[in-house]
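Structure first, then comments.
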Ligand SMILES: *[C@@H]1O[C@H](CO)[C@@H](O)[C@H](O)[C@H]1NC(C)=O
Ligand SMILES: *[C@@H]1O[C@H](CO)[C@@H](O)[C@H](O)[C@H]1NC(C)=O
Ligand SMILES: *[C@@H]1O[C@H](CO)[C@@H](O)[C@H](O)[C@H]1NC(C)=O
Ligand SMILES: [Cu+2]
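In full-length UniProt numbering, the protein residues as written are 1 to 554.
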């Protein structure tokens, strides 16, 4: 308490954000909604001092709230987000594939199937520096899957210091009228924004990026649900509630159980499953992932604490950093509801980007492997640390069935922007949370390191971003650009990065084109290519070397 006071006195200009008492009733974040087809909202990234009962930390938040406001749009809406960066210079240290520029930001709408090009969901070239702003303009498709998404900063090298330190907002695509069954539509609906504030990791990232804002009075991780520590949701016995779980923490895997409450899976990563109600004991949530469940809790026994139904997390297995402990409680109180059994329900139609891609009849037009962090102890994708927004790992043809053979998924949370992907086989481990045919945009499975997934490259061309959503890994280079361009088999490239290095080289050496002797030109290019390829390899080795030194973190 005293140190919190000192910190507050030392930084009088910071807005103070007080956390509610431990165990207080679950808060709902303020909502920003669309009107007449347009959601026009502002996210202002500002410094703030977050003060809890026994700790405090200074950080960057959206609109001086933790979490940021909940944005709710309808399918077919236009979403305008004015990102206003209220942080100041100095910008901090610049670095490649390390923590950098903690006051530089941008925005990613995680899970939305919207254009990956500016002014929409472009995350490499769109940079919002200190005291700058940018209006993002997204057209939500009319048939967009209703569900639970989120928005967070995505500037390479500063995602841990921003998203990982509280700057994140839930983003919901509402169910159109008549879309749900009457039973589902009538359930109380709650967003649970699960945020981990990993104070030791933030301290490391702050030091590396020469950040001057982050300070914490504690060195243990803080877990928040809608900005509260172990909050309580009071429910009537036997009444069904819809819970939208957003894993906005950036470092841990969650393996959640719900006490004696009954839980059925409804959707993952904003996409309804085909076989609701699917009964589950556990919800597996990697950094970035979402799950929607419906839950009902039994009346408490006489001798039972009425807060006994605790949503808590366990360690699923060795070798992955998971949170172990309570997050949230149900207080079961009041008159028992005559909660009817759940009726099966699924969407009547699916948009073109979510058509079933399983089975013999669907042949992939392009099939590539994507290894997460395998080989030589480095955290890389397909053996490459991030080498730039145009250093594409893969090229996928447009309007094609793309297939990816993923590996390293036991250790890393694979996230793909723009196009969600479908599991082609039920993973090993018999966890009913995962089934062939399910869709994800963020996927990790401690029981099965490999997965064959497919996605449809419909609706958009352009950059596609893939990365590990354990954002420390991403900031340190476990991120890659891919591209959807061209059509047909000629537009399928699984090792484009090697090829692209030479293409880049030719483009950069335009002055050579004045040489008319074709033989000389060719010879000099081969020599240059060899020289620069050597440079590139040395550069990559150097980065991997410095990466490995940092790799001891989570
Ligand atoms: C969005 O709001 C800003 C002011 O907050 C206004 O200037 C702008 O015209 C609005 N845009 C649309 C499309 O409504
Ligand atoms: C990052 O890498 C690029 C390309 O190799 C280089 O031009 C730039 O100077 C590097 N930046 C820093 C801060 O090291
Ligand atoms: C970032 O912005 C904050 C708040 O305006 C400021 O205190 C800090 O000095 C700035 N620079 C760095 C590198 O933290
Ligand atoms: Cu990772």
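Glycine included, C-beta positions come from ideal geometry on N, C-alpha and C.
task = Would you identify the three-state DSSP class for residue 228, choosing helix, strand or coil?
result = As a working mapping, residue 228 is identified with position 228 in the chain shown. Residue 228 falls in the strand class under three-state DSSP.
request  = Using the Cα positions of residue 194 and residue 224, report the straight-line distance between them to the nearest angstrom.
outcome  = Taking the first residue of the chain shown as position 1, residue 194 is located at position 194. Taking the first residue of the chain shown as position 1, residue 224 is located at position 224. If you take the alpha carbons of residue 194 and residue 224, they lie about 6 Å apart.
task = Taking 7 Å as the cut-off, decide whether the C-beta atoms of residue 396 and residue 457 are in contact.
result = For the purposes of this step, residue 396 is taken as the residue at position 396 of the chain shown. For the purposes of this step, residue 457 is taken as the residue at position 457 of the chain shown. It is a contact, given that the beta carbons lie within the stated cut-off.
ask   = Hey, would you say residue 256 sits closer than 7 Å to residue 283, going by beta carbons?
value = Within the chain shown, residue 256 is the residue found at index 256, counting from 1. Within the chain shown, residue 283 is the residue found at index 283, counting from 1. It is a contact, given that the beta carbons lie within the stated cut-off.
request  = Any chance you could list the residues with Cβ under 7 Å from a heavy atom of ligand 4, keeping chain order?
outcome  = 372, 373, 379, 411, 412, 413, 468, 470, 473, 478
ask   = Mind checking residue 196: buried by the 16 CB within 10 Å criterion, or exposed?
value = Your numbering for residue 196 matches position 196 in the chain shown. By the neighbour-count rule (16 or more Cβ atoms within 10 Å), residue 196 is buried.
task = Mark residue 411 as exposed unless 16 or more other C-beta atoms lie within 10 angstroms of its C-beta, in which case mark it buried.
result = Against the chain shown, residue 411 aligns to sequence position 411. Answer is buried; the Cβ neighbour count reaches 16.
task = May I have all residues whose beta carbon comes closer than 6 Å to any heavy atom of ligand 3, sorted in chain order?
result = 47, 87, 88, 90, 92, 102, 103, 210, 211, 212, 213
inquiry  = Measuring only from the beta carbon, is residue 94 closer than 6 Å to any heavy atom that is part of ligand 2?
reply    = Here the question's residue 94 lines up with position 94 in the chain shown. Yes - ligand 2 has a heavy atom lying nearer than 6 Å to the Cβ of residue 94.
task = Rounded to whole angstroms, what's the CA-CA distance from residue 166 to residue 235? Just pull it up for me.
result = Residue 166 sits at position 166 when you count from the first residue of the chain shown. Residue 235 sits at position 235 when you count from the first residue of the chain shown. For residue 166 and residue 235, the distance between alpha carbons rounds to 28 Å.
task = Using 6 Å as the cut-off, classify the Cβ of residue 40 as near or not near the heavy atoms of ligand 1, replying yes or no.
result = In the chain shown, counting from the first residue as 1, residue 40 sits at position 40. It does: the Cβ of residue 40 is within 6 Å (strictly closer) of some heavy atom of ligand 1.
message = Taking 7 Å as the threshold (C-beta atoms), are residue 291 and residue 254 in contact?
response = Taking the chain shown and counting its residues from 1, one reaches residue 254 at position 254. Taking the chain shown and counting its residues from 1, one reaches residue 291 at position 291. Their beta carbons are not under 7 Å apart, which means residue 254 does not touch residue 291 by this criterion.
ask   = Does the distance from the C-beta atom of residue 416 to that of residue 286 stay below 7 Å?
value = On the chain shown, residue 416 is found 416 positions in, with the first residue counted as 1. On the chain shown, residue 286 is found 286 positions in, with the first residue counted as 1. No.
request  = Report buried or exposed for residue 211, applying the criterion of at least 16 other Cβ atoms within 10 angstroms of its Cβ.
outcome  = Within the chain shown, residue 211 is the residue found at index 211, counting from 1. Buried is the call here.
key: Between the CA atoms of residue 354 and residue 420 - distance to the nearest angstrom   = Against the chain shown, residue 420 aligns to sequence position 420. Against the chain shown, residue 354 aligns to sequence position 354. Distance between the alpha carbons of residue 420 and residue 354: 8 Å.
key: Coarse secondary structure for residue 161, derived from DSSP in three states   = What you label residue 161 is simply residue 161 of the chain shown in a count that begins at 1. Residue 161 falls in the helix class under three-state DSSP.
query = Are residue 429 and residue 448 closer than 7 Å when you measure CB to CB?
reply = Residue 429 sits at position 429 when you count from the first residue of the chain shown. Residue 448 sits at position 448 when you count from the first residue of the chain shown. Yes, the pair counts as a contact, with Cβ atoms nearer than the cut-off.
request  = May I have the straight-line CA-CA distance separating residue 157 from residue 466, to the nearest angstrom?
outcome  = Position 157 of the chain shown, counting from 1, holds the residue named residue 157. Position 466 of the chain shown, counting from 1, holds the residue named residue 466. Their backbone Cα atoms lie some 15 Å apart in a straight line.
task = Within 10 angstroms of the Cβ of residue 230, are there 16 or more other Cβ atoms? Answer buried if so, exposed if not.
result = Along the chain shown, one-based indexing puts residue 230 at 230. That one is buried.
ask   = Cα-Cα, which of 329, 109, 215, 372 is closest to residue 51?
value = Translated into positions along the chain shown, residue 51 becomes position 51. Of 329, 109, 215, 372, the residue nearest in Cα terms is 215.
Proximity of residue 439 and residue 280 at Cβ, strictly below 7 Å = The residue given as residue 439 occupies position 439 in the chain shown. The residue given as residue 280 occupies position 280 in the chain shown. No, Cβ-Cβ distance for residue 439 and residue 280 is not below 7 Å.
query = How is the beta strand (DSSP E) around residue 463 delimited, first residue to last?
reply = In the chain shown, counting from the first residue as 1, residue 463 sits at position 463. Element bounds for residue 463: 462 to 468.
query = From 269, 91, 164, pick the residue whose C-alpha is nearest to that of residue 149; which is it?
reply = Along the chain shown, read from residue 1 onward, the residue named residue 149 stands at position 149. Looking at the Cα atoms, 269 is the closest of the given residues.
ask   = So which of 159, 300, 237, 238 has the shortest CA-CA distance to residue 205?
value = If you number the chain shown from 1, residue 205 lands on position 205. Checking every option, the nearest Cα to that of residue 205 belongs to 159.
message = Which residue wins for smallest C-alpha separation from residue 446, given the options 186, 431, 185?
response = As a first step, residue 446 is located in the chain shown; it is residue number 446 there, counting from the start. Checking every option, the nearest Cα to that of residue 446 belongs to 431.
inquiry  = Using a Cβ-Cβ cutoff of less than 8 Å, which residues in the same chain neighbour residue 30 once the five nearest sequence positions on both sides are dropped?
reply    = Here residue 30 refers to the residue found at position 30 when the chain shown is read from its first residue. Cβ within range, chain order: 65, 69, 70.
For residue 369, the three-state DSSP class (helix, strand or coil) = Numbered from its first residue, the chain shown carries residue 369 at position 369. DSSP places residue 369 in strand when its eight states are reduced to three.
ask   = Over what stretch of residues does the alpha helix (DSSP H) that includes residue 473 continue unbroken?
value = As a working mapping, residue 473 is identified with position 473 in the chain shown. Residues 471 to 475.
key: residue 331 versus residue 98 - alpha carbon distance   = Taking the first residue of the chain shown as position 1, residue 331 is located at position 331. Taking the first residue of the chain shown as position 1, residue 98 is located at position 98. Residue 331 and residue 98: Cα-Cα distance of roughly 44 Å.
key: Coarse secondary structure for residue 245, derived from DSSP in three states   = Along the chain shown, one-based indexing puts residue 245 at 245. Strand at residue 245.
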